[in-house]
Amino acid sequence: MSKRYPMPIPFGWFAVAYSDELPPGKSKPVHYFGQELVLFRTESGRVALLDAYCPHLGAHLGYGIHENAGGGGRIEGESIVCPFHAWKFNGDGFCTDVPYATNFPPKVKDKQCLRTYPITETNQLIWAWYHPDEAEPLWEVVEHEEANSDDWAPLERYEWQLNTHPQDMAENAADPAHFLFVHRTASMPEWETTYDGPCSRGVQRAKMPTPRGEVDGAIHTGSMGPGQGFTRFEGIADTFLLGLVTPVDEENVHVRFAFTQPRVNGEVKGGGVNAAIIANIVGQLEEDAPIWEHKTYRPLPVLCDGDGPIAKFRKWYGQFYVDFDTSKL
Ligand code: FES
Ligand SMILES: [Fe+2]
Numbered sequence: 030m031s032k033r034y035p036m037p038i039p040f041g042w043f044a045v046a047y048s049d050e051l052p053p054g055k056s057k058p059v060h061y062f063g064q065e066l067v068l069f070r071t072e073s074g075r076v077a078l079l080d081a082y083c084p085h086l087g088a089h090l091g092y093g094i095h096e097n098a099g100g101g102g103r104i105e106g107e108s109i110v111c112p113f114h115a116w117k118f119n120g121d122g123f124c125t126d127v128p129y130a131t132n133f134p135p136k137v138k139d140k141q142c143l144r145t146y147p148i149t150e151t152n153q154l155i156w157a158w159y160h161p162d163e164a165e166p167l168w169e170v171v172e173h174e175e176a177n178s179d180d181w182a183p184l185e186r187y188e189w190q191l192n193t194h195p196q197d198m199a200e201n202a203a204d205p206a207h208f209l210f211v212h213r214t215a216s217m218p219e220w221e222t223t224y225d226g227p228c229s230r231g232v233q234r235a236k237m238p239t240p241r242g243e244v245d246g247a248i249h250t251g252s253m254g255p256g257q258g259f260t261r262f263e264g265i266a267d268t269f270l271l272g273l274v275t276p277v278d279e280e281n282v283h284v285r286f287a288f289t290q291p292r293v294n295g296e297v298k299g300g301g302v303n304a305a306i307i308a309n310i311v312g313q314l315e316e317d318a319p320i321w322e323h324k325t326y327r328p329l330p331v332l333c334d335g336d337g338p339i340a341k342f343r344k345w346y347g348q349f350y351v352d353f354d355t356s357k358l
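Under the working numbering, residues 30 to 358 are what the sequence shown spells out, in order.
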C-alpha cells in the first residue's frame with residue numbers, strides 16, 4: 030500500500046497524558062510516534078517515558094498482571110519492574126537490577142539500554158519531546174496561567190483518535206474558506222497569522238451579537254511546534270483551549286481538547302453561553318473530522334485568490350521534519 034502522506038512524523042513536544050492519570054507508582058502502556066512505549070511515575074514522583082520492549086526477552090514493560098500497577102509493570106522505588114522476569118529499569122533507561130543473576134549481564138551494565146524521551150510537566154499535562162534523531166529539545170513547552178491556576182475551572186476534557194496527519198489538521202488555521210462551507214459561518218473569518226520560528230500566532234477580531242447588543246470579541250490562536258496549540262476566546266464567555274495533537278503513527282493522531290473558563294467569585298460557571306461556546310468548538314472539530322479522515326494530501330495544490338496562506342503555512346510546518354524534501358509540501 031502506498032503511503033497516505035509524503036511527510037513523516039513531525040518533531041516537537043507532545044502531550045502524552047494528563048498529570049492526574051499517572052499518580053506515583055503507576056505505569057501505563059502508550060503508543061505514540063509509531064512506537065510502543067511505557068510511561069510511568071516513580072515513587073518519588075519522577076515521570077519517565079521509555080521504549081516498551083525489555084532488552085532481556087522482549088516483554089512489554091507496560092503490560093502485566095500486577096494490580097498495584099494498574100495492570101502494567103510494577104514500580105519499585107525509582108524503577109519499573111519488567112512483568113516477565115523482574116529485571117528493573119530506571120527513568121534513564123538503565124537496568125538497575127536483575128534479581129536472580131549472580132553476575133550482572135555486562136551488555137547492560139552501566140549503559141542505557143532503553144531509549145528515553147525528554148519529559149516535562151505543566152498545564153496539568155505530561156509532555157514528551159519526540160525527535161527522530163533523538164536531538165535535544167529545541168524549544169520549551171509554553172506554560173499557561175489558565176491551566177496552572179485555581180482562578181480557572183478544572184480542565185473540561187475531550188478526546189478523539191483520528192485517521193489523519195497533524196499537518197493536515199493544523200492547515201485549518203490557514204484555510205479561512207472552509208469555515209463558510211464546513212462550519213457554516215456567515216462570512217469568511219479574517220485573521221492575521223504571524224510565523225516566528227516554531228511559534229505561530231493569529232488574532233481574529235469580530236463583533237459578536239448577543240441579546241444585549243454587540244460585544245467586541247477576539248480569538249487569539251497560537252501554537253508552539255506541532256503539538257501545542259492554545260486559543261483564547263474573549264468576548265461573550267472568556268474561554269481558554271489547549272488543542273493538543275499527538276502523533277500515534279504516520280497517519281493517526283490522538284487529539285485532546287482541554288477547556289477552562291475563569292471562576293467567578295471562586296465558582297465554576299457552567300451552562301449558558303459558557304457551555305455553548307465549548308459545544309461550538311467541539312462541534313467544529315467534529316465537522317472537520319470526516320473531511321480530514323478521508324481526504325488525500327495534495328502536495329503543491331491548485332489554489333485560488335480567495336484561499337488563505339496555505340503555502341506559507343506549509344513552509345512554516347516543514348521546519349518540523351528531518352530527512353524530508355520540504356519543497357514537495
Ligand atoms: S523479558 Fe523483561 S525481564 Fe525478561
Ligand atoms: Fe475547521
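Virtual Cβ for every residue (Gly too), placed ideally from N, Cα, C.
query, result
"Limits of the beta strand (DSSP E) - the one that residue 269 falls within", "268 to 278"
"Three-state secondary structure assigned by DSSP to residue 354", "coil"
"For residue 150, the residue or residues it bridges with in DSSP", "155"
"Heavy atom of ligand 2 within 6 Å of residue 132 beta-carbon", "no"
"Exposure of residue 94, with buried meaning 16 or more beta-carbon neighbours within 10 Å", "exposed"
"Own chain, CB closer than 8 Å to residue 309, minus 5 neighbours either side, in chain order", "none"
"Helix, strand or coil at residue 56 [DSSP, three-state]", "strand"
"Pick from 178, 122, 279 that is closest to residue 139, judged by C-alpha positions", "122"
"Residue range of the unbroken alpha helix (DSSP H) whose run includes residue 198", "195 to 199"
"Any chain B beta carbon closer than 7 Å to residue 212", "Of the chains in the structure shown, none is chain B; there is only one protein chain."
"Touch test, the region 284 to 304 against the region 55 to 73, Cβ-Cβ under 8 Å, three pairs minimum", "no"
"Residue 201 CB to nearest heavy atom of ligand 2 below 6 Å", "yes"
"Residue interval of the beta strand (DSSP E) (run including residue 248)", "242 to 253"
"Near ligand 2: residue 180 beta-carbon under 6 Å from a heavy atom", "no"
"Residue 288, enclosing beta strand (DSSP E) - first and last residue", "281 to 289"
"Where residue 343 falls: helix, strand or coil (DSSP)", "helix"
"Helix, strand or coil at residue 388 [DSSP, three-state]", "The first residue shown for the chain is 30 and the last is 358, placing residue 388 beyond what the model contains."
"Closer than 6 Å: residue 89 CB and nearest ligand 1 heavy atom", "no"
"Rounded straight-line distance, which links the Cα of residue 275 to that of residue 137", "31 Å"
"Residue 140 in three-state terms, based on DSSP", "coil"
"Distance between residue 208 and residue 270 (C-alpha atoms, nearest Å)", "19 Å"
"Exposed unless 16 or more other CB atoms sit within 10 angstroms - verdict on residue 133", "exposed"
"CA-to-CA distance, residue 150 to residue 163, given in whole angstroms", "19 Å"
"Residue 127 versus residue 184: straight-line alpha-carbon distance, rounded", "42 Å"
"3-residue-minimum beta strand (DSSP E) runs that sit fully inside the region 33 to 81, ordered along the chain", "41 to 47, 56 to 61, 64 to 70, 76 to 80"
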